[in-house]
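Read through the structure below, which is laid out as structure tokens, and then see the notes.
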Amino acid sequence: MTTETEHRTPNYMAIFWWLAGLTIVEVGYSSILPHSHKAALIIGLVGFAAIKASLVALYFMHLRFERKSLGIIVASTLILGCILVSVGIGEAVLPRP
Amino acid sequence: MEAIALAHGHGHAHEEEYTTTGIPHDKMGMWVFLCSEVMFFTGLIGSYIVLRFASPFWPQPSTVLNIPLTAMNTFILICSSVTMVQALAAIQRGDAAKMKLFLSLTLLGGSIFLSIQGVEYWKLLHEHTTHYPTGFNPHVSLFGSIFFTTTGFHGFHVLCGVICIAFVTGKAFLGKYTQAHHQGIETIGLYWHFVDLVWIVLFTIIYLI
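Each protein sequence line maps, in turn, to chains A and B.
Using the numbering used here, you'd call the opening residue of the first sequence number 4 and step up by one each time.
Using the numbering used here, you'd call the opening residue of the second sequence number 8 and step up by one each time.
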């Protein structure tokens, strides 16, 4: 079986400007929004960070163009990581009986 | 039935290598290593989140840390990630001169990042503020402890990356990489992008929230 994973080179500079722009927006968002609005601050900043991390993984690490098997390996790790953090947060936040 | 595939990864544009996954072995090895690193940093970031949620008092990071300096450092690391991927794209086109240039720029970017982090640490440890009269260090608070542990481990990863990139750049100047054979650049590039990705998350969680 022959497989082809060759792909057209993405526009790396476009990704770079998105990453730089999102970093500026992130810093501005955290400094403008009052820290009393904790939920909006956390949701917004984690959202920006998730977009930036996805851009790096998909385009710079070429995950978008890789085989599905590699995507499944990485996704499994991320799911396990999310479970680990969620359990920890639940333990810290939820009231104890 | 064992599936045998011919890998045509980024580093093997013109040479064929038999693998059971269709992915070059060294690239697969790096991805498995990076998955273990994801769990390592998840443990650190998870600990930070849990400690912060569980603590009744936690300083606002912007009152202790230098956000503009670190934002600039984040920008530098993103730039170095771009130059790394441009180095790979250059050798895939057969442009060895551009590859050497971009690898050197990546090395420079990583070194600047480490230098700025060193300056940040030195200032935190030695500047006496009203909140931290003896300086902000791992002993003064839970925040200090987890801050230096997490960013210190990331800095160590950057240092390892800089050493590896220096090695790869040296090989590039010796003419060891060609359009047909350049898997080493892609493999270390994956590590470098991962270090950048982790910093994007750390910067948000530790410095901005």
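Beta carbons: idealized from backbone N, C-alpha and C, even for Gly.
None of these values were measured; they are calculated from a predicted model.
Which bits of chain A does residue i rub up against, with CB to CB less than 8 Å?
i                     : result
residue 81 of chain B : 26
Look at the alpha carbon of residue i and the alpha carbon of residue j, and state the distance between them as a whole number of angstroms.
i                      : j                      : result
residue 49 of chain A  : residue 27 of chain B  : 37 Å
residue 92 of chain A  : residue 59 of chain B  : 10 Å
residue 4 of chain B   : residue 86 of chain A  : Because chain B here runs from 8 to 216, residue 4 of chain B falls outside it and cannot be looked at.
residue 88 of chain A  : residue 26 of chain A  : 24 Å
residue 36 of chain A  : residue 25 of chain B  : 54 Å
residue 149 of chain B : residue 75 of chain B  : 23 Å
residue 116 of chain B : residue 84 of chain B  : 6 Å
residue 94 of chain B  : residue 20 of chain A  : 18 Å
residue 55 of chain B  : residue 160 of chain B : 13 Å
residue 87 of chain B  : residue 118 of chain B : 10 Å
residue 68 of chain A  : residue 126 of chain B : 39 Å
residue 170 of chain B : residue 54 of chain A  : 29 Å
residue 199 of chain B : residue 11 of chain A  : 22 Å
residue 76 of chain A  : residue 133 of chain B : 44 Å
Considering just the uninterrupted stretch of the alpha helix (DSSP H) at residue i, what are its terminal residues?
i                      : result
residue 183 of chain B : Counting along the chain, residue 183 of chain B falls outside any alpha helix (DSSP H), and DSSP gives it neither H nor E.
residue 73 of chain A  : 71-96
residue 207 of chain B : 190-209
In chain B, which residues lie less than 9 Å from residue i when you measure between Cβ atoms?
i                     : result
residue 33 of chain A : 69, 74, 211, 214, 215, 216
Against residue i, what residues of chain B qualify as contacts under a CB-to-CB distance less than 8 Å, listed in chain order?
i                     : result
residue 38 of chain A : 67
residue 70 of chain A : 28, 29, 30
Run through chain B and tell me which residues come within less than 7 Å of residue i, C-beta to C-beta.
i                     : result
residue 84 of chain A : 45, 46, 49
List the residues of chain A whose Cβ lies closer than 7 Å to the Cβ of residue i, in chain order.
i                     : result
residue 42 of chain B : 76, 77, 80
residue 53 of chain B : 87, 88, 91
- request: Report the residue ranges of all alpha helix (DSSP H) runs contained in full by the region 35-114 of chain B; include only those spanning at least 4 residues, in chain order.
  value: Annotation: the region 35-114 of chain B contains the following complete segments of the alpha helix (DSSP H) (minimum length 4 residues), in chain order: 68-71, 74-100.
query: Mind pulling the alpha helix (DSSP H) runs of 4 or more residues that sit fully within the region 35-61 of chain A?
result: Whole alpha helix (DSSP H) segments, 4+ residues: 41-58.
- prompt: So, do the region 187-200 of chain B and the region 27-37 of chain B have three or more beta carbon pairs nearer to each other than 8 Å?
  reply: Three or more pairs of CB atoms, one per stretch, sit closer than 8 Å, so the region 187-200 of chain B contacts the region 27-37 of chain B.
- request: Answer yes if the region 135-149 of chain B comes into contact with the region 98-106 of chain B, meaning at least three C-beta pairs across the two stretches below 8 Å, and no otherwise.
  value: Not touching, per the Cβ criterion.
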